[in-house]
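If you read the first sequence in my numbering, its first letter stands for residue 1, the second for the next number, and so on.
Cβ atoms here follow ideal geometry from the backbone N, Cα and C, with glycine treated the same way.
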Amino acid sequence: MILAFQSDLVSRIRQTVAEAFGVNLGEILVQTTPRLELGDMALPLAFDLARKIGRKPREIAQELAPKLTSVSGIARAEVAGGGFINLFLDRGAFTVSLSSFITAPPAKEQRPDRVIVEHTSINPNKAAHIGHVRNSILGDTFVRLLQASGHEVLTQNYIDDTGVQVADVIVGFEQLEGKSLEEVRAIDARFDYYCWDLYARVFEWYGDLKDRKALQAATLHAIEKHEGPAAELGEHVAARIVRAHLATMARLDIGYDLLVRESDILRQHFWARAFELLKDRKAIVFEQEGKARGCWVLRMEDADGGGDESKIIVRSNGTVTYTGKDIAYQLWKLGKLGLDFRYRRHEESRPERPLWSSTSGEADEGAPAFGAGASLVFNVIDVGQSYPQRVVKAGVAALAGPEAAAGTRHLGYEKVVLSKATARELGYEVDEEGGAVKVSGRRGLGVKADDLIDALEAKARNEIATRDPERLPGERAKAARDVAVGALRYFMLRFSRNRIITFDMEEALAFTGETGPYIQNSVVRARSILAKVASEGHDVGALLGRAHDRDLLKTFFATPEGDSAWSLFLAMARTEEAIETAVRTEEPSVMTRHAFQIAQAFHGYYQNPAHSVLRAETEDLRAVRLLVVHLFVRHTTDIAGLLGIPIPDRM
RNA sequence: GCGCCCGUAGCUCAAUGGAUAGAGCGUUGCCCUCCGAAGGCAAAGGCUACUGGUUCGAGCCCAGUCGGGCGCACCA
């Protein structure tokens, strides 16, 4: 629904339709018109009515339009095209209510249910790369949008500290470098970068040699059992890399409530409990024959009945697959497992953003009730994992029912690949025919998250230095950080989730056009207008009060300048709808586009020298122009916050 | 082989089944005597891969064809 803060308008339209045609429309679709001259809002409802009552759409529209004119808030209604009803709003009244909505938003109705979002979940064995950045920015923004629509959200980051990737790095330290735990501890280079290179070297070293690969398996086994020096080394590596990941993500203003460690899932025997439950409910069966003889499998029926698949959950040697462990973990998230972790405060916990970790050691006091479960769980994982995610969902369905399965959501997104140019810069050998190039962690090729952020900051510092050489280095650095974060977050969000992002360094470093800095700049400029107006001795408060006058606004909106301001207001009024759409369709890119449209409308308005606040011809005009700028700043600051895009004081 | 995703301007992407398919980049012109030009204005650029179908209406839904990507382990 458009203009949520004017939902009463929609209900009055519904009532008018009911009175005129005796039909009760459920959802009333409100659209924008192709051009502002055609109207402020478009109602296609005559097409629906035509089907229902068997009359021509245009005829219905013509009958209904005059009746809508009497609805308060609607100034005029016209019939257009084959049966659209275009509404012209009472702009003055609309602006007054928009103003109070923006400056004093009504308290959001808090939803009773709790939502879990799991994102980031990077293997703790090397530095984060751009693919991880997409995951984390997507997840973090979705958290912000859920919160804005009234959900209580717990953000979790899953740490696979007992996986093969950690094992590989351990093999590297032990076999390639012959380092003890003490010596690894003593490494004072950037540890996540160090491991990034080591990890690549290990894969070169493995080659096709079976006995070397056997070391990987043995090491994995050791860290899973939590025994011996390899396990101790693994614990150190994982913990240290996790701190590095937290620091990287903190640069992008991304945080978490809880870190769940795979090792704790093992030690709390989550799987054993899940196995019992799955057997009890006959959700999995023991295969007596066929390919999967001796395994416990989950049968998944195809939606269209085209034969059923089955997925092995427990191998014939009695060990559980990754998917099996994932089902157990998912059941815990939903509060359906009947087991819980113990929790300790993480070293990186800060008072303003407490961070907890699962633990198998001593529990700390004061942990939130993480184990209470959520009715809705979003797992932010790349689309390559769609199949295993579907298996997990099927397992949840078999064990906890369709409702729990419906609450198990895979927030999937496509991968990030490198453009040819960027791949070449990084030393890839790129063949002429091929297009984009896949990142390969095993070969140590890819763009590290921190390197990317560093490059963005450096670029921003240069921009600022050329634009404003007088700026103090400290201020410059701070603004550069904000610009870098804004650029990166916007870049990662602007594509829809199922779109492969071809990462090109030059494109990502762009600060012009549809980018985060464009939005930041619009707010910075608007703020500087407000500051200038105040510094020149104008009473901002009094001017804003003066602007809230319907007759004054009515006159203003009748001018071409008013049209320009009005299109900005209409765009801003659509924010509630944009948030709702972004959450419902699970597509944060809706929000970046919305923010851009608003910023664009503002740029179009304020850039015109004839619309100057300072040089306004009359106090009335000054007042109204100031209101436009003021509302834009308030509102766009909030929207930028939803996207995690900081607004620097100056750029 | 089966399943999923993608194919829209030179490039990168938008477009809850609705009106003349929109942005950004790039290209070509303008605009700092103007609240900072990370900006604004304008122009050029499209048989929405193809063929059928569904309906008042299809870039979007359905069937098929052709291209491209990714899944479909007793790996994690």
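| Check | Outcome |
| --- | --- |
| Measuring CA to CA, which of E289, D257, G516 and T219 is closest to E352? | D257 |
| Kindly indicate which residue of N462, L452, A167 and R55 has the alpha-carbon position closest to the one of L45. | R55 |
| Using the C-alpha atoms, what's the distance from H151 back to R650? | 33 Å |
| For H603, which of helix, strand or coil comes out of DSSP? | helix |
| Should I85 and L43 be called a contact, given that it needs their Cβ atoms to be closer than 7 Å? | yes |
| Taking 7 Å as the limit between beta carbons, can you name the residues of its chain near L277, skipping five residues before and five after? | L399 |
| Would you identify the three-state DSSP class for A484, choosing helix, strand or coil? | helix |
| Of all the beta strand (DSSP E) runs that stay within the bounds of the region 410–445, which reach a length of 3 or more residues? | 416–418 |
| What are the start and end residues of the beta strand (DSSP E) that includes V380? | L376 to D382 |
| Hey, which unbroken runs of the alpha helix (DSSP H) at 4 residues or more fall wholly within the region 565–618? | 575–584 and 589–606 |
| How big is the Cα-Cα spacing for P66 and L49? | 17 Å |
| Would you please state the rounded distance, in angstroms, between the beta carbons of R489 and I645? I believe it to be under 8 Å. | 6 Å |
| Check the DSSP bridge columns for V117 and list the partner residues they point to. | T155 and F378 |
| Terminal residues of the continuous beta strand (DSSP E) containing V523? | Element bounds for V523: not the beta strand (DSSP E) but the alpha helix (DSSP H), G516 to S535. |
| Find the nearest neighbour of S564 within the set E235, R625 and V437, judged by alpha-carbon distance. | R625 |
| Any idea which residues DSSP pairs I85 with across the strands? | L43 and V79 |
| DSSP has W196 in a bridge; who is on the other side? | W196 is not bridged to any residue. |
| Does the beta-carbon of Y652 have 16 or more other beta-carbons within 10 angstroms, so that it is buried, or is it exposed? | Since the displayed the chain opens at 1 and closes at 651, residue 652 lies outside it and no answer follows. |
| Is there contact between the region 477–492 and the region 449–463, where contact requires at least three CB pairs shorter than 8 Å? | yes |
| Starting from the N-terminal side, write out each stretch of the alpha helix (DSSP H) that is 4 residues or longer and does not extend beyond the region 299–345. | 322–333 |
| Closest by CA to G604, which one among S358, G562 and A421? | G562 |
| State whether the region 171–187 contacts the region 268–277, with contact taken as three or more CB pairs (one from each stretch) at a distance under 8 Å. | no |
| Considering just the uninterrupted stretch of the alpha helix (DSSP H) at F286, what are its terminal residues? | Element bounds for F286: not the alpha helix (DSSP H) but the beta strand (DSSP E), I284 to F286. |
| On the premise that S360 lies in contact with R345, defined as a C-beta separation below 8 Å, what is that separation, rounded to the nearest angstrom? | Not really, about 15 Å apart at Cβ, beyond 8 Å. |
| What do you reckon, are the CB atoms on A127 and Y199 nearer than 7 Å? | no |
| Can we say the region 205–223 touches the region 92–100, given the rule of at least three CB pairs closer than 8 Å? | no |
| Of the residues I130, I116 and H129, which one's Cα is nearest the Cα of R144? | I116 |
| Can you give me the Cβ contacts of A77 inside the same chain, cut-off strictly under 6 Å, excluding the 5 residues immediately before and after it? | A65, L68, T69, I85 and L87 |
| Which term fits K210, buried or exposed, when burial requires 16 or more other beta carbons within 10 angstroms of its beta carbon? | exposed |
| Hey, out of S567, L89, A394 and L355, whose CA is closest to R299's CA? | A394 |
| Identify, in the order they occur along the chain, each residue of the same chain with its Cβ nearer than 6 Å to the Cβ of N379, setting aside the five sequence neighbours on each side. | E118 and H410 |
| Can you give me the Cβ contacts of F47 inside the same chain, cut-off strictly under 7 Å, excluding the 5 residues immediately before and after it? | P57 and G83 |
| Quick test of your reading: E475 and F596, contact by CB under 8 Å. State the CB separation rounded to the nearest angstrom. | Actually they do not touch by this definition, with Cβ atoms about 27 Å apart. |
| According to DSSP, is H129 part of a helix, a strand, or is it coil? | strand |
| What do you get for D188, buried or exposed, if any count of 16 or more other CB atoms within 10 angstroms of its CB means buried? | exposed |
| DSSP three-state call for L258: helix, strand or coil? | strand |
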